[in-house]
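*Asks:* So that we are looking at the same thing, I have put the structure below in structure tokens.
Residue numbers (the working numbering): 105 to 540.
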């Protein structure tokens with residue numbers, strides 16, 4: 105896309121140690137860590153970043169574990185922007201040369217890095233470097249590492265890819281690996297079963313970001329027959345669930361012929377999918393004949409996130425699984441990159457904000473009566489008559505505007521009372537999350 109890469113990679117000195125910026129220190133300090141006095145302790149993230157350069161694998165594993173914990177439960181935009189190159193290339197080095205545990209941890213860390221960096225140039229660099237590495241590493245012999253690599257590949261593509269072509273490139277990596285596992289009847293192999301479920305979920309998550317007209321017309325031929333065959337040959341609920349979600353997602357985005365080997369009309373393909381699902385397990389997913397998603401919502405803080413499509417549901421389930429419950433709440437409340445995915449607006453709670461409520465509010469209504477041009481005799485009499493006198497018409501208007509139960513003034517007063525009641529309740533409500 106013509107984006108320029110950041111010049112230089114990991115910022116290392118002659119001895120192989122990383123320079124890092126003290127992003128967690130007070131703003132008044134303003135000095136990088138390399139210039140600090142040796143007696144001043146490094147912040148936690150700085151220490152863990154230094155430990156990624158150690159030769160002992162167990163030290164690097166512990167450092168990666170700590171970094172993942174911090175990135176999952178805290179939003180470290182500033183630290184990531186200041187130390188992006190060092191973080192990225194240390195993680196990549198761990199994936200290339202580490203033990204299986206280190207590779208899995210580093211893969212997860214790369215995914216968290218992707219959803220934390222806000223700079224597009226850095227995101228672009230992350231996508232190019234990591235997707236290329238994952239495509240080489242995701243081989244049949246890497247079954248034990250597959251789930252973490254798959255999740256990281258999805259997150260990197262989701263937040264860092266610039267075009268649908270790049271999204272489909274990652275989907276192709278997943279699709280090839282799915283078919284490398286053999287046939288669709290793998291219920292006797294627990295590891296292969298877990299990998300298949302993770303792969304289909306990841307593939308569906310990336311597909312959910314595409315419009316039907318953008319999908320390549322040749323890449324996904326046979327997807328619908330494959331998922332239907334998977335339903336018929338497996339009675340494992342986890343497999344049936346992800347296969348049904350993939351099929352319903354395909355129906356939702358349209359362009360069914362791009363996913364089928366058949367030349368039938370789209371309506372006939374849709375009927376085949378629905379009838380097959382109902383015949384295998386009609387209760388696994390509530391799905392109406394009108395192809396409408398069974399709407400649901402979750403509460404995050406004081407606002408509900410409504411899910412009205414299969415795309416939104418698949419994406420939310422994926423990120424909840426990737427981040428964990430607590431991590432998902434943290435990022436939904438504090439990470440704008442994730443909030444934008446679900447168009448979620450964070451309403452800050454009373455723990456970190458103050459509700460300024462006026463001590464008193466009043467409702468004032470102004471109304472005007474039609475004014476007639478006064479006659480000459482009225483002008484003369486106005487000097488003698490008290491103008492505060494109200495006619496019967498004026499009294500009737502006053503009755504309607506101020507004293508009637510349905511008057512505009514009373515309605516406004518009721519709205520004001522409801523507003524104050526809501527503000528009072530919100531002072532005592534904390535952040536929570538629950539599902540319907």
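Think of the CB as a built atom: it goes at the ideal place given N, C-alpha and C, for glycine as much as any other residue.
Report yes or no: do the segment 248-262 and the segment 223-236 share at least 3 C-beta pairs separated by less than 8 Å?
*Replies:* The answer is yes - the segment 223-236 touches the segment 248-262, with three or more Cβ pairs under 8 Å.
*Asks:* Within the chosen definition, does the segment 181-190 reach the segment 158-172 through at least 3 CB pairs nearer than 8 Å?
*Replies:* Cβ pair count under 8 Å is below three, so no.
*Asks:* To the nearest angstrom, how far is the alpha carbon of residue 213 from that of residue 364?
*Replies:* Counted from its first residue, the chain shown places residue 213 at position 109. Counted from its first residue, the chain shown places residue 364 at position 260. Roughly 37 Å between the two C-alpha positions.
*Asks:* Cα separation between residue 384 and residue 335?
*Replies:* If you number the chain shown from 1, residue 384 lands on position 280. If you number the chain shown from 1, residue 335 lands on position 231. Using only the alpha carbons, I get a separation of about 7 Å.
*Asks:* Please state whether DSSP places residue 407 in a helix, a strand or coil.
*Replies:* As a first step, residue 407 must be located in the chain shown, where it is residue number 303. Of the three classes helix, strand and coil, the one that applies to residue 407 here is strand, per DSSP.
*Asks:* Given that a residue counts as buried once 16 or more other Cβ atoms are within 10 Å of its Cβ, and exposed if not, what is residue 180?
*Replies:* For the purposes of this step, residue 180 is taken as the residue at position 76 of the chain shown. The residue is buried, with at least 16 neighbouring Cβ atoms inside 10 Å.
*Asks:* At what residues does the alpha helix (DSSP H) containing residue 318 begin and finish?
*Replies:* For the purposes of this step, residue 318 is identified with residue 214 of the chain shown, where counting begins at 1. Careful: residue 318 lies outside any alpha helix (DSSP H) and carries neither H nor E.
*Asks:* How would you label residue 407, buried or exposed, when you count the other beta carbons within 10 angstroms and need 16 or more for buried?
*Replies:* Your numbering for residue 407 matches position 303 in the chain shown. Exposed.
*Asks:* Given a threshold of 16 other Cβ atoms within 10 Å of its Cβ, counted over all protein chains shown, does residue 410 qualify as buried or as exposed?
*Replies:* Start at 1 with the first residue of the chain shown, and residue 410 comes out as number 306. It is exposed - the Cβ of residue 410 has fewer than 16 other Cβ atoms within 10 Å.
*Asks:* So, residue 328 versus residue 373, is the Cβ gap smaller than 8 Å?
*Replies:* Taking the first residue of the chain shown as 1, we reach residue 328 at position 224. Taking the first residue of the chain shown as 1, we reach residue 373 at position 269. Yes, Cβ-Cβ distance for residue 328 and residue 373 is below 8 Å.
*Asks:* Excluding five sequence neighbours on each side, which residues of the same chain lie with their C-beta closer than 7 Å to the C-beta of residue 176?
*Replies:* Here residue 176 refers to the residue found at position 72 when the chain shown is read from its first residue. Same-chain partners within the cutoff: 216, 427, 428, 431.
*Asks:* Return the chain-ordered list of same chain residues with a C-beta closer than 6 Å to the C-beta of residue 351, the five sequence neighbours on each side being excluded.
*Replies:* Working through the chain shown from its first residue, we reach residue 351 at position 247. 331, 377, listed in sequence order.
*Asks:* Quick test of your reading: residue 347 and residue 299, contact by CB under 8 Å. State the CB separation rounded to the nearest angstrom.
*Replies:* Here residue 347 refers to the residue found at position 243 when the chain shown is read from its first residue. Here residue 299 refers to the residue found at position 195 when the chain shown is read from its first residue. Contact doesn't hold; Cβ gap of about 15 Å is too wide.
*Asks:* Going by DSSP in three states, residue 174 sits in which element: helix, strand or coil?
*Replies:* Translated into the one-based positions of the chain shown, residue 174 becomes position 70. Of the three classes helix, strand and coil, the one that applies to residue 174 here is helix, per DSSP.
*Asks:* Cβ atoms of residue 294 and residue 250: under 8 Å apart, would you say?
*Replies:* Working through the chain shown from its first residue, we reach residue 250 at position 146. Working through the chain shown from its first residue, we reach residue 294 at position 190. No, these two residues do not count as a Cβ contact at 8 Å.
*Asks:* At what residues does the alpha helix (DSSP H) containing residue 204 begin and finish?
*Replies:* As a first step, residue 204 must be located in the chain shown, where it is residue number 100. Segment 204-218, the alpha helix (DSSP H) holding residue 204.
*Asks:* Under 8 Å between the Cβ atoms of residue 318 and residue 268?
*Replies:* Taking the chain shown and counting its residues from 1, one reaches residue 318 at position 214. Taking the chain shown and counting its residues from 1, one reaches residue 268 at position 164. In this structure, residue 268 lies closer than 8 Å to residue 318 by Cβ.
*Asks:* Apply the 10 Å Cβ neighbour rule to residue 308 and answer buried if 16 or more other Cβ atoms are within range, or exposed otherwise.
*Replies:* Here residue 308 refers to the residue found at position 204 of the chain shown. The residue is buried, with at least 16 neighbouring Cβ atoms inside 10 Å.
*Asks:* Got a sec, what are the start and stop residues for the alpha helix (DSSP H) residue 356 sits in?
*Replies:* One-based indexing of the chain shown puts residue 356 at position 252. It spans 341-357 - the alpha helix (DSSP H) in which residue 356 sits, taken as one unbroken run.
*Asks:* Is residue 321 closer than 8 Å to residue 362 when the C-beta atoms are compared?
*Replies:* Residue numbering aside, residue 362 sits at position 258 when the chain shown is read from its first letter. Residue numbering aside, residue 321 sits at position 217 when the chain shown is read from its first letter. Yes, the pair counts as a contact, with Cβ atoms nearer than the cut-off.
*Asks:* If you follow the alpha helix (DSSP H) that residue 449 is in, where does it begin and where does it stop?
*Replies:* Numbered from its first residue, the chain shown carries residue 449 at position 345. From DSSP, residue 449 is part of no alpha helix (DSSP H); its letter is neither H nor E.
*Asks:* CA-CA distance, residue 230 and residue 219?
*Replies:* The sequence position of residue 230 within the chain shown is 126, counting from 1. The sequence position of residue 219 within the chain shown is 115, counting from 1. Those two C-alpha atoms are separated by around 11 Å.
*Asks:* With a threshold of 16 other CB atoms inside 10 Å of the CB of residue 199, please say whether the residue is buried or exposed.
*Replies:* Position 95 of the chain shown holds residue 199. That one is buried.
*Asks:* Can you give me the C-alpha to C-alpha distance between residue 278 and residue 516, rounded to a whole angstrom?
*Replies:* As a working mapping, residue 278 is identified with position 174 in the chain shown. As a working mapping, residue 516 is identified with position 412 in the chain shown. If I take the Cα positions, the gap works out to 58 Å.
*Asks:* Applying the criterion that 16 or more other CB atoms from any shown protein chain within 10 Å of the CB defines a buried residue, is residue 449 buried or exposed?
*Replies:* Your numbering for residue 449 matches position 345 in the chain shown. Answer is exposed; the Cβ neighbour count stays below 16.
*Asks:* What do you reckon, are the CB atoms on residue 314 and residue 261 nearer than 8 Å?
*Replies:* Within the chain shown, residue 314 is the residue found at index 210, counting from 1. Within the chain shown, residue 261 is the residue found at index 157, counting from 1. No. Outside cutoff.
*Asks:* Quick check on DSSP: helix, strand or coil for residue 384?
*Replies:* Reading the chain shown from its first residue, position 280 is the one you call residue 384. In the structure shown, residue 384 sits in a helix (DSSP, three-state: H, G or I).
*Asks:* With 16 other CB atoms within 10 Å as the buried threshold, where does residue 152 fall?
*Replies:* Translated into positions along the chain shown, residue 152 becomes position 48. So residue 152 ends up on the buried side.
*Asks:* So if DSSP puts residue 400 in a beta bridge, which residue, or which two residues, is it bridged to?
*Replies:* Taking the chain shown and counting its residues from 1, one reaches residue 400 at position 296. Bridge partners of residue 400: 411.
*Asks:* Are residue 353 and residue 418 touching if we call contact CB-CB under 8 Å?
*Replies:* Position 249 of the chain shown, counted from the first residue, corresponds to residue 353. Position 314 of the chain shown, counted from the first residue, corresponds to residue 418. Result yes, Cβ atoms of residue 353 and residue 418 sit closer than 8 Å.
*Asks:* Sorted by chain position, which residues of the same chain lie with C-beta nearer than 7 Å to residue 443's C-beta, five sequence neighbours on each side aside?
*Replies:* For the purposes of this step, residue 443 is identified with residue 339 of the chain shown, where counting begins at 1. 436, 450.
*Asks:* Could you check how far apart the C-beta atoms of residue 397 and residue 413 are, in whole angstroms? I think they sit under 8 Å.
*Replies:* Counted from its first residue, the chain shown places residue 397 at position 293. Counted from its first residue, the chain shown places residue 413 at position 309. 5 Å between Cβ atoms; contact.
*Asks:* First and last residue of the alpha helix (DSSP H) that includes residue 329?
*Replies:* To locate residue 329, count along the chain shown from 1; it is residue 225. Taken as a continuous stretch (DSSP letters only), the alpha helix (DSSP H) holding residue 329 covers 327-337.
*Asks:* In this structure, how does DSSP classify residue 265 when only helix, strand and coil are distinguished?
*Replies:* As a first step, residue 265 is located in the chain shown; it is residue number 161 there, counting from the start. Residue 265 falls in the coil class under three-state DSSP.
*Asks:* Given this structure, state the Cα-to-Cα distance separating residue 342 from residue 209, to the nearest angstrom.
*Replies:* By 1-based counting over the chain shown, the position of residue 342 is 238. By 1-based counting over the chain shown, the position of residue 209 is 105. Their Cα atoms are separated by approximately 25 Å.
*Asks:* Hey, would you say residue 205 sits closer than 8 Å to residue 155, going by beta carbons?
*Replies:* As a working note, residue 205 is residue 101 in the chain shown. As a working note, residue 155 is residue 51 in the chain shown. In this structure, residue 155 does not lie closer than 8 Å to residue 205 by Cβ.
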